[in-house]
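Each protein sequence line maps, in turn, to chains A and B.
1 is the number of the first residue of the first sequence in the numbering used here; add one for each residue after it.
142 is the number of the first residue of the second sequence in the numbering used here; add one for each residue after it.
Quick reminder that beta carbons are idealized off the backbone N, C-alpha and C, glycines included.
2 protein chains.
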Amino acid sequence: MNSDLTLSSLRDKGHKITNVRKEVVGMFSQADKPLTAQELHKALKTIGLSVNKTTVYRELQFLTDQGYLVEVHLNPKETSYESTDLMHHHHLICETCGKIDNVTNCLAKELEEDVLKKKGFEIARRSLEFYGTCADCSKKS
Amino acid sequence: MNSDLTLSSLRDKGHKITNVRKEVVGMFSQADKPLTAQELHKALKTIGLSVNKTTVYRELQFLTDQGYLVEVHLNPKETSYESTDLMHHHHLICETCGKIDNVTNCLAKELEEDVLKKKGFEIARRSLEFYGTCADCSKKS
DNA sequence: ATTAATTCGCAAATGTCTTGCATATTGTAT
DNA sequence: ATACAATATGCAAGACATTTGCGAATTAAT
Numbered sequence: 001m002n003s004d005l006t007l008s009s010l011r012d013k014g015h016k017i018t019n020v021r022k023e024v025v026g027m028f029s030q031a032d033k034p035l036t037a038q039e040l041h042k043a044l045k046t047i048g049l050s051v052n053k054t055t056v057y058r059e060l061q062f063l064t065d066q067g068y069l070v071e072v073h074l075n076p077k078e079t080s081y082e083s084t085d086l087m088h089h090h091h092l093i094c095e096t097c098g099k100i101d102n103v104t105n106c107l108a109k110e111l112e113e114d115v116l117k118k119k120g121f122e123i124a125r126r127s128l129e130f131y132g133t134c135a136d137c138s139k140k141s
Numbered sequence: 142m143n144s145d146l147t148l149s150s151l152r153d154k155g156h157k158i159t160n161v162r163k164e165v166v167g168m169f170s171q172a173d174k175p176l177t178a179q180e181l182h183k184a185l186k187t188i189g190l191s192v193n194k195t196t197v198y199r200e201l202q203f204l205t206d207q208g209y210l211v212e213v214h215l216n217p218k219e220t221s222y223e224s225t226d227l228m229h230h231h232h233l234i235c236e237t238c239g240k241i242d243n244v245t246n247c248l249a250k251e252l253e254e255d256v257l258k259k260k261g262f263e264i265a266r267r268s269l270e271f272y273g274t275c276a277d278c279s280k281k282s
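What follows is the structure, given as structure tokens:
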């Protein structure tokens with residue numbers, strides 16, 4: 001399990017630092033929510049780095065293979081990614097405004113132990129999402 | 142939130158009972174894991190009901206709109222569906238053999254209360270998946 | 001049996017994501 | 001600085017799930 005999504009970490013492992021890689025890494029470090037290929041592609045264009053979508057896909061594939069990112073399946077249309085560093089948190093997805101908040105509380109310890117004991121299932125990673133209505137949207141309605 | 146995925150329930154609400162609907166409902170009642178459009182399409186063909194994929198998609202859409210099914214995003218390639226009746230359980234997805242097991246233990250009560258209290262987020266539904274290695278695959282390796 | 005509403009099949013299209021291949025770029029050794 | 005090997009990039013083409021329009025077929029109730 002590879003954490004530490006930084007340029008120096010990548011360099012240390014002998015990976016090349018390209019413009020795209022530099023920016024994508026930066027975006028994931030700052031991101032407070034999972035990002036999709038489309039979002040990254042648009043963001044890159046915005047900062048004047050017009051890169052091909054294929055390259056974005058390959059970069060995501062690369063960072064995922066290297067263990068820096070994990071896939072998150074929040075919606076059926078496209079795959080989102082987030083830094084492995086953030087893996088032990090959960091998402092609050094507002095179905096009204098689409099906002100994504102995080103819960104860092106790492107629960108489920110008991111349940112996980114149960115699962116291993118009763119089922120013999122070894123958990124490598126988990127995905128916990130809550131779908132509902134955020135505070136702001138609740139107020140408005 | 143509509144439960145009770147049965148033909149009588151559908152009839153009572155004035156929906157037509159077609160051959161496809163009948164079989165699809167039956168398959169979801171018996172299913173012990175989430176099903177995809179492709180799986181249903183193949184299963185229907187197997188029992189001699191060669192139906193168009195579009196129809197399968199529309200049937201899933203229909204049953205979801207009516208609240209009988211929920212979408213489950215287990216993998217990036219396609220959407221799975223399961224009966225709303227089963228919503229309060231979680232999935233164990235073996236990344237080696239692909240088998241999907243269930244945990245009916247409904248945890249997360251505490252965390253959910255936390256989330257409502259601290260964030261004001263009202264949870265409508267949740268999705269909890271554990272990815273790892275099932276007992277059988279553990280043994281083999 | 002007639003009819004209105006719904007469903008179905010077919011064809012076409014959308015959008016995400018993948019792949020092959022030729023070219024360009026990066027890091028390193030010289 | 002230069003040349004080389006490995007890797008990254010762009011472009012075109014394609015795979016696949018999913019959606020939509022429309023005319024034909026089926027369902028349920030009169």
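So, are the CB atoms of residue i and residue j less than 8 Å apart?
{"i": "residue 72 of chain A", "j": "residue 89 of chain A", "result": "no"}
{"i": "residue 269 of chain B", "j": "residue 115 of chain A", "result": "no"}
{"i": "residue 133 of chain A", "j": "residue 265 of chain B", "result": "yes"}
{"i": "residue 36 of chain A", "j": "residue 79 of chain A", "result": "yes"}
{"i": "residue 166 of chain B", "j": "residue 182 of chain B", "result": "no"}
{"i": "residue 263 of chain B", "j": "residue 9 of chain A", "result": "no"}
{"i": "residue 82 of chain A", "j": "residue 31 of chain A", "result": "yes"}
{"i": "residue 225 of chain B", "j": "residue 211 of chain B", "result": "yes"}
{"i": "residue 131 of chain A", "j": "residue 267 of chain B", "result": "yes"}
{"i": "residue 74 of chain A", "j": "residue 34 of chain A", "result": "yes"}
Between the Cα of residue i and those of the options, spot the shortest distance and give me the residue it belongs to.
{"i": "residue 13 of chain A", "options": "A/113, A/120 and A/68", "result": "A/68"}
{"i": "residue 203 of chain B", "options": "B/238, B/217, B/218 and B/161", "result": "B/161"}
{"i": "residue 66 of chain A", "options": "A/4, A/119 and A/140", "result": "A/4"}
{"i": "residue 86 of chain A", "options": "A/60, A/113, A/28 and A/141", "result": "A/28"}
{"i": "residue 260 of chain B", "options": "A/112, A/15, A/16 and A/94", "result": "A/94"}
Buried or exposed, going by whether 16 or more other CB atoms sit within 10 Å of the CB of residue i?
{"i": "residue 1 of chain A", "result": "Model confidence at residue 1 of chain A stands at a pLDDT of 45, short of 50, so the residue's coordinates are unreliable; what they give is reported in the following sentence. Counting Cβ neighbours within 10 Å, residue 1 of chain A comes out exposed, since fewer than 16 surround it."}
{"i": "residue 22 of chain A", "result": "exposed"}
{"i": "residue 76 of chain A", "result": "exposed"}
{"i": "residue 238 of chain B", "result": "exposed"}
Return yes when at least one heavy atom of the ligand NAP lies under 7 Å from the C-beta of residue i, else no.
{"i": "residue 54 of chain A", "result": "With respect to small molecules bound, the structure shown includes none, and the ligand NAP cannot be examined in it."}
- Item | Segment contact flag, the region 94 to 103 of chain A with the region 36 to 53 of chain A, C-beta cutoff 8 Å, min 3 pairs | no
- Message: At a CB distance below 8 Å, what residues from the region 92 to 124 of chain A approach chain B? Give them in sequence order.
- Response: 92, 94, 95, 101, 103, 105, 107, 108, 110, 111, 112, 114, 115, 119, 120, 121, 122, 123 and 124
- Item | Interface positions of the region 268 to 282 of chain B facing chain A (Cβ-Cβ less than 8 Å), listed along the chain | 268, 269, 270, 271, 272, 273, 274, 275, 276 and 279
- Below 8 Å between beta carbons is the criterion; list the residues of the region 31 to 48 of chain A that meet it against any residue of chain B, in chain order. none
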